[in-house]
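Notes follow the structure.
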DNA sequence: ACCGTCGATCTACTCGAGTCAATAGATCAA
DNA sequence: TTGATCTATTGACTCGAGTAGATCGACGGT
């Protein structure tokens with residue numbers, strides 16, 4: 001008979017509440033009271049003894065046991081369509097940091113733009129008793145939140161949905177800031193401003209497209225052309241190729257994400273079309289990546305830190321029955337070379 | 001008296017093992033046996049009844065309870081220095097996917113290049129009973145694994161450390177593939193090839209630097225110049241500026257990451273120095289980003305998928321006492337424009 | 001001295017699932 | 001028919017922590 005490796009030696013907390021209680025000469029209940037600051041009082045003297053015992057033994061409460069009893073795992077879950085997108089990476093980083101500061105850990109699920117994978121992640125999160133979920137759903141699809149609502153799990157949507165959902169929603173002010181970006185392009189003298197729009201399902205207009213239309217209309221400019229493509233670099237590249245083939249090529253573009261803009265820029269370089277001299281570009285997101293392209297991208301910066309903070313607060317610092325709120329965050333125009341700013345001499 | 005929102009209604013599994021047992025007319029033990037396929041047999045007839053009850057009620061085991069009893073939470077933890085780096089984002093994505101396919105969820109911790117934050121994450125992971133940890137430590141520092149080893153938590157290092165640690169290590173073949181990249185540059189006729197090297201603490205040479213040296217020496221080329229800078233875009237940009245100021249500027253550079261190369265490229269554009277005509281560039285990582293720069297980056301592609309698969313296998317499919325192994329993965333040269341390949345006509 | 005009050009502390013039950021020891025039935029040999 | 005053997009099933013205990021309800025003492029008022 002072959003000896004198998006001993007898998008049964010499961011890793012368990014070396015020291016439990018009981019050990020602390022024994023060392024401090026108190027019952028296990030007081031240890032709990034001290035650790036949680038309640039629900040009953042403990043005399044200062046006893047508290048001190050317990051704290052010393054905790055320190056001496058290096059006791060740390062078993063969160064799984066706590067999760068079993070009270071249903072709180074001190075874990076939050078986040079689902080993003082694609083973590084390798086610079087925008088979502090930045091957002092995930094900010095959310096993780098805000099959560100960590102409050103003692104929460106974060107489960108990350110990459111849904112790869114698939115509703116099915118997204119649902120699987122949500123299911124897994126629920127099974128693990130997460131205390132809350134940040135959901136960047138596949139844009140404007142109706143997320144499968146059946147797992148969430150029944151369980152009363154606090155959820156924050158990090159993109160707006162056209163569907164009414166019983167959750168908080170947090171996002172940038174798409175319409176107004178896109179409008180400003182387009183108006184800025186017009187300020188450089190452009191009258192034919194195209195839109196490279198990421199693919200969005202659903203019936204309502206994407207806020208960025210809305211803002212672009214509003215700007216053109218408000219300025220009395222002729223209707224602009226729209227190129228639709230996926231929300232990634234390859235999509236932006238394709239859009240760039242199609243842009244180049246346009247009759248009477250527009251002199252400026254507003255692009256719905258930095259990632260797409262990177263692909264678009266590559267298409268311009270490849271064709272020897274100069275940015276911003278031949279085509280001015282303004283994009284959306286304000287990710288790190290936009291600062292180091294050539295030329296550097298003028299972009300609408302989403303206040304990622306602030307949004308992440310608000311998202312975590314919405315989950316942690318609120319009662320279960322607070323009404324769902326929508327929080328819209330103003331964005332900032334970051335002006336760099338690609339829109340035509342600061343172009344006294346070009347490389 | 002004001003009515004407070006009912007916070008006590010903690011989210012609990014709607015349906016437990018007991019409900020299933022009752023509906024199927026069996027004891028709770030058999031339900032466990034069916035769900036886990038053991039440790040005792042169940043007659044086919046009973047098994048069928050139980051399965052039907054499970055399906056009818058939509059029962060899903062409470063993982064927190066399972067974690068309490070057997071110490072397995074079906075959760076893995078991953079720590080990266082910076083999730084917004086395209087390389088780590090890609091790696092995290094691949095690991096997450098491999099884990100998800102096996103029913104595991106992944107906690108993500110961003111250590112922001114800080115050993116202290118890294119330790120905090122590890123602590124949090126241990127507290128949550130993770131089944132394993134993927135650690136991309138702050139390069140070559142001695143990670144604080146005191147939390148891990150005592151607990152017997154399976155760990156995989158996703159960068160090599162010069163310190164002997166009792167864990168599996170997985171990484172790319174730095175030395176050999178870097179050497180190939182530099183040899184490729186030499187193949188384009190370059191004799192003065194510089195190195196832009198990310199900052200690394202510790203006493204041993206980074207594998208990429210080693211490979212660069214080996215190549216120069218092997219080819220009988222004169223000693224090359226080294227520019228050291230942080231592992232990010234801004235670092236690469238700074239390195240580029242310093243590179244431009246070099247007397248008798250080298251005609252080629254090997255750069256230790258795509259991210260740095262992006263910054264380096266920006267510095268070249270800004271100064272009107274053409275790549276690859278004036279300076280040829282080869283970088284390391286093979287992240288998505290490298291494909292859409294201008295010019296597109298020739299880079300050493302790390303087999304991220306394969307490494308992620310191996311990492312997950314190393315944790316899940318192995319006994320606790322398997323000896324620590326080191327797995328080195330061969331890389332592939334991705335030839336694009338920046339090194340001088342395919343330059344018949346330039347933009 | 002006696003009773004009531006109040007704060008501190010302890011005992012004991014609970015959460016949901018894993019699993020061992022005991023038990024109930026079925027099968028077979030003598 | 002009796003016992004031995006084996007399999008399917010069950011009851012009961014366990015993991016670690018939260019907390020209600022019981023208990024204990026000290027103190028104050030009479």
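Chains as they are written, first to last, in full-length UniProt numbering: chain A, 1 to 347; chain B, 1 to 347. All C-beta atoms, glycine included, are put in the ideal place defined by N, C-alpha and C.
So is residue 285/B in contact with chain A if we call contact Cβ pairs under 9 Å?
-> As a first step, residue 285/B must be located in the second chain, where it is residue number 285. Residue 285/B does not count as touching chain A.
Option nearest residue 180/A by Cα separation, candidates 335/A, 14/A, 20/A, 16/A | For the purposes of this step, residue 180/A is taken as residue 180 along the first chain, with counting starting at 1. Of the listed residues, the one whose Cα sits closest to residue 180/A is 335/A.
Determine, using beta carbons only, whether residue 108/B comes closer than 9 Å to chain A.
-> Residue 108/B sits at position 108 when you count from the first residue of the second chain. True, the Cβ-Cβ gap to chain A drops below 9 Å.
Determine, using beta carbons only, whether residue 268/A and residue 94/A come nearer to each other than 9 Å.
-> Stepping through the first chain from its first residue, residue 268/A is reached at position 268. Stepping through the first chain from its first residue, residue 94/A is reached at position 94. Result no, Cβ atoms of residue 268/A and residue 94/A do not sit closer than 9 Å.
How is residue 275/B classed by DSSP in three states: helix, strand or coil?
-> Taking the first residue of the second chain as 1, we reach residue 275/B at position 275. Residue state, collapsed to three classes: coil.
For residue 123/B and chain A, any beta-carbon pair shorter than 9 Å?
-> By one-based count along the second chain, residue 123/B stands at place 123. Chain A contact via Cβ: present.
Quick check: the region 121-132 of chain B against the region 65-75 of chain B, are there 3 or more CB pairs under 8 Å?
-> yes
So what does DSSP say about residue 349/A, is it helix, strand or coil?
-> Since the first and last residues shown for chain A are 1 and 347, residue 349/A lies out of range.
Could you please give the first and the last residue of the uninterrupted beta strand (DSSP E) stretch that includes residue 80/A?
-> Mapped onto the first chain, residue 80/A falls at position 80. Taken as a continuous stretch (DSSP letters only), the beta strand (DSSP E) holding residue 80/A covers 75-80.
Cβ-based neighbour list, residue 173/B, same chain, cut-off 7 Å, excluding 5 preceding and 5 following | For the purposes of this step, residue 173/B is taken as the residue at position 173 of the second chain. 328, 329, 330, 331, listed in sequence order.
Quick one: grab the DSSP three-state call for residue 229/B.
-> Reading the second chain from its first residue, position 229 is the one you call residue 229/B. Strand, per DSSP.
Is the Cβ-Cβ distance between residue 165/A and residue 134/A less than 9 Å?
-> In the first chain, counting from the first residue as 1, residue 165/A sits at position 165. In the first chain, counting from the first residue as 1, residue 134/A sits at position 134. No, the pair does not count as a contact, with Cβ atoms beyond the cut-off.
So what does DSSP say about residue 28/B, is it helix, strand or coil?
-> Taking the second chain and counting its residues from 1, one reaches residue 28/B at position 28. Of the three classes helix, strand and coil, the one that applies to residue 28/B here is helix, per DSSP.
Kindly identify the DSSP beta-bridge partner or partners of residue 300/A.
-> Here residue 300/A refers to the residue found at position 300 when the first chain is read from its first residue. Its beta-bridge partners are 284/A, 333/A.
Which stretch, first to last residue, makes up the alpha helix (DSSP H) that contains residue 46/A?
-> Position 46 of the first chain holds residue 46/A. Where residue 46/A is concerned, the enclosing alpha helix (DSSP H) stretches over 44-57.
Within 9 Å, strictly: CB atoms of residue 89/A and residue 283/A | Translated into positions along the first chain, residue 89/A becomes position 89. Translated into positions along the first chain, residue 283/A becomes position 283. Not in contact: residue 89/A and residue 283/A (Cβ atoms no closer than 9 Å).
Sort 300/A, 338/A, 22/A by Cα distance to residue 188/A and report the nearest one.
-> The residue you call residue 188/A lines up with position 188 of the first chain. The residue with the shortest Cα to Cα distance from residue 188/A is 338/A.
From the DSSP output, in three-state form, read off residue 327/A for me.
-> On the first chain, residue 327/A is found 327 positions in, with the first residue counted as 1. The answer is strand: DSSP assigns residue 327/A an E or B state.
Identify the residues that DSSP records as bridge partners of residue 91/A: which are they?
-> Here residue 91/A refers to the residue found at position 91 when the first chain is read from its first residue. Bridge partners of residue 91/A: none, in fact.
Are the C-beta of residue 31/A and some C-beta of chain B separated by less than 9 Å?
-> Mapped onto the first chain, residue 31/A falls at position 31. Not an interface residue.
Any idea what DSSP makes of residue 157/A, helix, strand or coil?
-> As a working mapping, residue 157/A is identified with position 157 in the first chain. Strand at residue 157/A.
Taking residue 200/A as part of the beta strand (DSSP E), name the residues at either end of that continuous run.
-> Start at 1 with the first residue of the first chain, and residue 200/A comes out as number 200. Element bounds for residue 200/A: n/a, residue is neither H nor E.
Under the rule that 16 or more other beta-carbon atoms within 10 Å means buried, what is residue 260/B, buried or exposed?
-> Position 260 of the second chain, counted from the start, is the residue given in the question as residue 260/B. With 16 or more Cβ atoms within 10 Å of its Cβ, residue 260/B is classed as buried.
Does DSSP put residue 253/A in a helix, in a strand, or in coil?
-> Taking the first chain and counting its residues from 1, the one referred to as residue 253/A is at position 253. Three-state DSSP puts residue 253/A in a strand.
Taking the C-alpha atoms as reference points, what is the distance between residue 209/B and residue 239/B?
-> Within the second chain, the letter at position 209 stands for residue 209/B. Within the second chain, the letter at position 239 stands for residue 239/B. So the two alpha carbons sit approximately 16 Å from each other.
Residues of chain B with a CB under 7 Å from the CB of residue 263/A: which are they?
-> Against the first chain, residue 263/A aligns to sequence position 263. Residues of chain B passing the Cβ test: 292.
Rounded C-alpha distance that separates residue 255/B from residue 214/B | Residue 255/B sits at position 255 when you count from the first residue of the second chain. Residue 214/B sits at position 214 when you count from the first residue of the second chain. Cα to Cα, the separation comes out at about 15 Å.
With 16 other CB atoms within 10 Å as the buried threshold, where does residue 201/B fall?
-> One-based indexing of the second chain puts residue 201/B at position 201. Exposed: under 16 other Cβ atoms inside 10 Å.
7 Å Cβ cut-off: residues of chain A touching residue 40/B | Position 40 of the second chain, counting from 1, holds the residue named residue 40/B. Correct list: empty, because the minimum Cβ distance to chain A is about 16 Å.
Throw me the rounded Cβ distance for the residue 55/A and residue 23/A pair, which I believe falls under 8 Å.
-> Looking up residue 55/A in the first chain gives position 55. Looking up residue 23/A in the first chain gives position 23. Incorrect: roughly 11 Å between the Cβ atoms, too far for contact.
Just grab the DSSP bridge partners of residue 193/B for me.
-> On the second chain, position 193 is the one that residue 193/B refers to. Per DSSP, 252/B.
Short CB-CB distance (under 9 Å) between residue 61/A and chain B = Along the first chain, read from residue 1 onward, the residue named residue 61/A stands at position 61. True, the Cβ-Cβ gap to chain B drops below 9 Å.
Measure the alpha-carbon distance for residue 190/A versus residue 229/A and round it to whole angstroms.
-> Within the first chain, residue 190/A is the residue found at index 190, counting from 1. Within the first chain, residue 229/A is the residue found at index 229, counting from 1. Cα to Cα, residue 190/A sits roughly 23 Å from residue 229/A.
Starting from residue 307/B, follow its DSSP beta bridges and name the residues at the other end.
-> One-based indexing of the second chain puts residue 307/B at position 307. Its beta-bridge partners do not exist; DSSP assigns none.
Between residue 315/A and residue 117/A, what straight-line distance do the alpha-carbon atoms span, to the nearest angstrom?
-> Stepping through the first chain from its first residue, residue 315/A is reached at position 315. Stepping through the first chain from its first residue, residue 117/A is reached at position 117. Going by the C-alpha atoms only, they are around 23 Å apart.
Nearest to residue 81/A (by Cα), restricted to the options 119/A, 103/A, 44/A, 63/A | Taking the first residue of the first chain as position 1, residue 81/A is located at position 81. Measuring from the Cα of residue 81/A, the nearest candidate turns out to be 119/A.
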